[in-house]
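Residue numbers (the numbering used here): 12 to 496.
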Ligand SMILES: [Fe+2]
């Protein structure tokens with residue numbers, strides 16, 4: 012890949028203050044459709060068969076009440092199906108109890124990330140002693156064995172039918188009160204490794220394994236913590252689990268009693284620094300901590316051990332958690348810029364105890380995807396994500412960025428008035444090269460007021476095809492490609 016922006020069709024960025032044109036991306040979608048053939052421009056590769064299934068926040072008000080934050084919206088499931096060069100499209104609300112109860116009562120029924128409807132003391136006391144956790148699984152989904160499961164950071168994974176998008180019920184038990192929507196595949200067992208925070212008189216970070224057909228988690232590691240850090244994902248090498256505690260922490264007692272929306276109980280304590288711990292996957296024993304400068308992040312990109320046994324952990328980082336503040340809907344709808352992420356490489360020496368970090372490229376990205384099946388836990392060269400216009404001003408994610416880590420080079424795809432989401436990499440069957448395949452990204456076309464599914468050649472970001480949805484798809488977070496669905 013050349014260190015140029017050759018795939019960028021236009022040089023004039025439309026980002027910066029004024030991206031309020033993208034406001035429609037934060038407006039509710041109520042329509043549910045099922046279409047066998049949507050209009051396609053371009054020719055899809057013959058080998059592309061399967062479905063891109065996504066979840067995301069889609070309903071931002073219930074009755075007179077409004078959600079406050081992008082992360083709060085009630086979840087919608089989406090499926091773009093690919094077969095014989097054609098594209099089908101379906102969308103359907105996740106039938107969570109959060110959605111069903113909201114429909115029945117005409118009000119927000121459960122506390123979300125930054126919206127808490129339990130304002131009265133009575134309701135609050137009730138919710139402390141009988142936790143009413145939301146199952147609004149709008150962050151990510153996982154295909155585990157035969158099951159498709161939508162997830163958020165409460166311990167209520169919601170299973171659904173990938174064909175009809177009908178909701179089936181709670182998928183499995185989670186050994187804690189908080190979890191992540193970014194589990195890792197455990198290659199040995201074909202199961203899933205995830206994180207949970209067990210809160211109580213003694214708080215613990217737990218890592219648990221769930222078999223492909225399992226319903227009961229097996230706890231593989233348990234680490235004490237006084238004030239748990241906000242945890243959105245973690246890294247994995249062949250030997251280690253990589254736990255990064257950014258100093259954005261919560262006192263669990265406050266969480267239960269302070270009466271603030273969930274995320275507003277967390278406090279930024281940069282004086283604590285960022286604390287890495289390596290957990291041996293087979294013994295569960297912890298090594299560390301490895302202390303470095305304070306930063307914040309949602310997404311681990313990848314991790315691996317180098318030839319000297321050092322752990323390389325790449326993470327999308329921010330200077331601080333201001334990004335969470337920037338994602339309140341009032342600010343987003345006004346077009347206020349969001350902070351720029353960096354692509355940061357941390358290198359940890361488990362023997363000597365040292366830790367270093369560096370920024371890999373000048374312009375970062377978030378919502379990162381790699382060739383996961385081939386490269387997770389292993390040395391890798393390419394990462395793709397959503398990026399912001401270079402320079403000052405910023406805006407909202409308005410480009411797809413590809414990073415060649417070996418060459419420290421980036422290139423991007425950008426089109427005026429278009430706001431792409433996470434680019435999901437799908438490898439071409441039998442591919443020899445790591446970046447041989449396509450990227451699938453749902454793009455909001457603010458000028459048209461609708462969204463389209465963009466198919467790019469992952470190796471150079473040239474456009475292969477686009478398939479237009481009949482409506483706007485509110486900005487979402489994550490999805491997965493399944494060859495089975
Ligand atoms: Fe995420």
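Where a beta carbon is used, it is the ideal one built from N, C-alpha and C, also for glycine.
Cβ-heavy atom distance, residue i to ligand 1, below 7 Å
| i | result |
| --- | --- |
| residue 205 | no |
| residue 195 | no |
| residue 243 | yes |
| residue 446 | no |
| residue 149 | no |
| residue 310 | yes |
| residue 329 | no |
| residue 488 | yes |
| residue 192 | yes |
Residue j beta carbon less than 8 Å from that of residue i
| i | j | result |
| --- | --- | --- |
| residue 257 | residue 277 | no |
| residue 215 | residue 196 | no |
| residue 297 | residue 284 | no |
| residue 89 | residue 65 | yes |
| residue 476 | residue 54 | yes |
| residue 263 | residue 127 | no |
| residue 47 | residue 99 | yes |
| residue 474 | residue 464 | no |
| residue 387 | residue 313 | yes |
| residue 358 | residue 321 | yes |
| residue 183 | residue 439 | no |
| residue 412 | residue 398 | yes |
| residue 151 | residue 192 | yes |
| residue 244 | residue 311 | yes |
| residue 74 | residue 149 | no |
| residue 123 | residue 145 | yes |
| residue 393 | residue 382 | yes |
| residue 44 | residue 478 | no |
| residue 153 | residue 167 | no |
| residue 431 | residue 407 | no |
| residue 375 | residue 429 | no |
Start and end residues, alpha helix (DSSP H) containing residue i
| i | result |
| --- | --- |
| residue 108 | 108-116 |
| residue 217 | Element bounds for residue 217: not the alpha helix (DSSP H) but the beta strand (DSSP E), 214-221. |
| residue 336 | 333-337 |
| residue 385 | 383-386 |
| residue 341 | 340-344 |
Residue i - partner residues in DSSP beta bridges
| i | result |
| --- | --- |
| residue 206 | 218 |
| residue 279 | 259 |
| residue 493 | 62 |
| residue 452 | 465 |
| residue 102 | 89 |
| residue 413 | 395 and 422 |
| residue 474 | 467 |
| residue 5 | Residue 5 lies beyond the residue range present for the chain, which begins at 12 and ends at 496; the question has no answer from this structure. |
| residue 372 | Partner(s): none; residue 372 has no beta bridge. |
| residue 67 | 87 |
| residue 123 | In the DSSP output, where bridge partners are listed per residue, residue 123 has none listed. |
| residue 233 | 217 |
| residue 80 | 339 |
Any non-hydrogen atom of ligand 2 closer than 7 Å to residue i Cβ
| i | result |
| --- | --- |
| residue 102 | In terms of ligand content, the structure shown lacks ligand 2 and carries ligand 1 instead. |
Residue i: first and last residue of the uninterrupted beta strand (DSSP E) it sits in
| i | result |
| --- | --- |
| residue 327 | 322-329 |
| residue 377 | 377-380 |
| residue 313 | 307-316 |
| residue 356 | 353-359 |
| residue 40 | Note, residue 40: premise wrong, no beta strand (DSSP E); not H, not E. |
| residue 160 | 158-162 |
| residue 293 | Note, residue 293: premise wrong, no beta strand (DSSP E); not H, not E. |
| residue 487 | No beta strand (DSSP E) contains residue 487, which DSSP labels as neither H nor E. |
| residue 176 | Looking at the DSSP string, residue 176 is not in any beta strand (DSSP E), and its letter there is neither H nor E. |
| residue 431 | 429-431 |
| residue 51 | 51-53 |
| residue 197 | 195-197 |
| residue 1 | Only positions 12 to 496 of the chain appear in the structure, and residue 1 is not among them; the question remains open. |
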